[in-house]
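So the numbering used here is basically just the index in the sequence shown, starting at one, shifted up by 18.
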Amino acid sequence: MNYETILHEQDNGVLTITLNRPDKLNAGNDQMLEELQDAFRQAGRDASVRALILTGAGRGFCAGQDLASVREREESAEPVSYGEHLRQSWNRVISRMRNLEKPILCAVNGVAAGAGMSLVMACDLRYASENASFIQAFVNIGLIPDSGSTWNLPRLIGPTRAMEMMITGRKVSASEALEWGLINDIFPPDQLIDEVRQRAEQLAIMPTRAIGLLKRAADYATNSTLDEALEYEADLQELAGRTADHKEGVAAFLEKRKPEYRGA
Ligand code: LHQ
């Protein structure tokens, strides 16, 4: 698939996906959401991709759904069904990100609003520039939080702060987001992408199969009992224990040398 609304660049095992509609603050139209689905699907199949970065071009990260394209479809002969639209587009992107057994880091370079903020929360490690901001913008246009925001936000920052963000639709600064645990760290704008790339490259030489499996286990555990989580950990540890990287890790430890992991 040829991409027109996202950029796609791979280096040292790290795939960087850049949302690229800067004049619309990278708001998602149908094409961008299809391209994103495809990019995450391909990343899952490509063994040379060991870590991913999601970022935005220009001054915004992502302003959520492209409201102009929704308006166009409303005025067309085939009006849009919001439920169906979510099921076909945003929801699939979010599910693909969570089901991708590779670490996804985001470099939030500017405002993340509405479903754009949902994209941030679907990443595994979240870094932002000092001038980034986060808005649960849905209520400001008479909608409810979607694309996983109702599920992820209270889990990340707790129900009290999540409800305040969702009800008020107010802009939360990067420093507040850091204090609340929504993001892992903040950097000056001109250092953000390099800092995130360094971290992604470090992950890409780690036992990335284990990182993929721990992502699955951690997501499962958020909705399970302790006994279920114990059982699931045992199942997935069985898989991790059979990987070449695990054998390499133990051998390197015993031989007092640096391990060389291949992500398998
Ligand atoms: C935009 C957008 C945008 C189009 C900025 N669309 N052009 C799911 C299912 C179905 C339906 C609906 O939605 C959903 C999920 C959702 O995501 S709902 C929430 C949708 N997003 C929003 O409501 C956010 C709308 N944007 C804003 O509130 C502001 O743009 C923010 C606060 C993000 C940034 O404000 P500013 O920094 O002041 O920038 P700006 O407003 O001047 O925007 C710059 C340009 O980007 C401007 O275009 P123009 O041609 O006038 O320069 C905006 O129209 C365009 N833009 N967001 N979502």
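Built from N, CA and C at the ideal position, the CB exists for glycine as well.
Owing to the predicted nature of the structure, the values given are computational and were not obtained by experimental measurement.
For the beta strand (DSSP E) containing residue i, list its first residue and its last residue.
| i | result |
| --- | --- |
| GLY78 | 78-80 |
| TYR145 | 143-147 |
| GLU53 | Careful: GLU53 lies outside any beta strand (DSSP E), inside the alpha helix (DSSP H) at 48-63. |
| ASP29 | 24-29 |
| SER151 | 151-153 |
| PHE205 | 203-205 |
| LEU70 | 69-74 |
Going by the beta-carbon positions, is the gap between residue i and residue j smaller than 8 Å?
| i | j | result |
| --- | --- | --- |
| LYS120 | ARG63 | no |
| GLU153 | ALA131 | The question names Glu, but residue 153 in the sequence shown is Ile. Yes, these two residues count as a Cβ contact at 8 Å. |
| GLY187 | ALA133 | no |
| ASP229 | THR73 | Here residue 229 is Ile; the residue named in the question, Asp, does not match the sequence. Taking 8 Å as the Cβ cut-off, ILE229 and THR73 do not qualify as a contacting pair. |
| ILE24 | LEU54 | yes |
| LEU174 | TRP108 | no |
| ALA195 | GLY82 | no |
| GLY199 | ILE112 | no |
| LEU104 | ASP164 | yes |
| GLN49 | GLU92 | no |
Mind checking if residue i is an interface residue toward chain B, Cβ cutoff 8 Å exclusive?
| i | result |
| --- | --- |
| ALA75 | Absent from the structure: chain B. Only one protein chain is present. |
Which residue comes first and which comes last in the alpha helix (DSSP H) that contains residue i?
| i | result |
| --- | --- |
| LYS189 | Where LYS189 is concerned, there is no enclosing alpha helix (DSSP H), although the beta strand (DSSP E) it sits in stretches over 189-191. |
| LEU123 | Not the alpha helix (DSSP H): LEU123 falls in the beta strand (DSSP E), residues 122-126. |
| VAL32 | Looking at the DSSP string, VAL32 is not in any alpha helix (DSSP H); the run it does join, the beta strand (DSSP E), is 32-37. |
| VAL129 | First-last for VAL129: 129-131, but that is the beta strand (DSSP E), not the alpha helix (DSSP H). |
| ALA252 | 244-259 |
| THR240 | Premise fails: THR240 is in no alpha helix (DSSP H) and is neither H nor E. |
Grab me the residues of residue i's own chain with a C-beta within less than 7 Å of its C-beta, minus the 5 sequence neighbours each way, in chain order.
| i | result |
| --- | --- |
| LEU161 | none |
| VAL88 | VAL98 |
| LEU231 | GLU119, LEU254, LEU257, ALA258 |
| LYS189 | SER151, ILE153 |
Let me know if residue i comes out buried or exposed under the rule of 16 or more other beta-carbons within 10 Å of its beta-carbon.
| i | result |
| --- | --- |
| PHE271 | exposed |
| ARG39 | buried |
| ASN30 | exposed |
| SER94 | exposed |
Who are the Cβ neighbours of residue i in its own chain at under 6 Å, not counting the five residues just before and after it?
| i | result |
| --- | --- |
| LEU290 | Since the first and last residues shown for the chain are 19 and 282, residue 290 lies out of range. |
| ALA146 | VAL126, ALA192, ILE201, ILE204 |
| GLU219 | ASN30, VAL32 |
| PRO225 | ASP263, TYR279 |
| PRO277 | GLU266, GLY267, ALA270 |
| GLU213 | PHE205 |
Using only alpha-carbon positions, find the residue among the options that is nearest to residue i.
| i | options | result |
| --- | --- | --- |
| ILE35 | GLU251, ARG215, LYS276, GLU249 | ARG215 |
| LEU221 | ILE159, ASP48, TYR21, ARG280 | ARG280 |
| GLN60 | ASN20, ASP41, GLU90 | ASN20 |
| ARG234 | LEU244, MET184, GLU251 | GLU251 |
| ARG116 | LEU70, CYS80, ASP48, PRO207 | LEU70 |
| ASP237 | VAL32, MET139, GLN49, LYS42 | MET139 |
| MET184 | LEU196, ASN158, GLN209 | ASN158 |
| ASP263 | ARG227, GLY166, ALA247, LEU244 | ARG227 |
| ASP56 | ARG91, GLN106, PRO163 | GLN106 |
| ASN86 | THR178, ASP41, GLU249, THR261 | According to the sequence as given, residue 86 is Ala; it is not Asn. Of THR178, ASP41, GLU249, THR261, the residue nearest in Cα terms is ASP41. |
Ignore the nearest five residues each way along the sequence and tell me which others in residue i's own chain have a CB closer than 8 Å to its CB.
| i | result |
| --- | --- |
| GLU27 | LEU33, THR34, THR36 |
| GLY128 | LEU43, GLY74, GLY76, ARG77, GLY78, PHE79, SER147, ASN149, ALA150, SER151 |
| ALA65 | GLY281, ALA282 |
| ASN170 | SER136, MET139, ALA140 |
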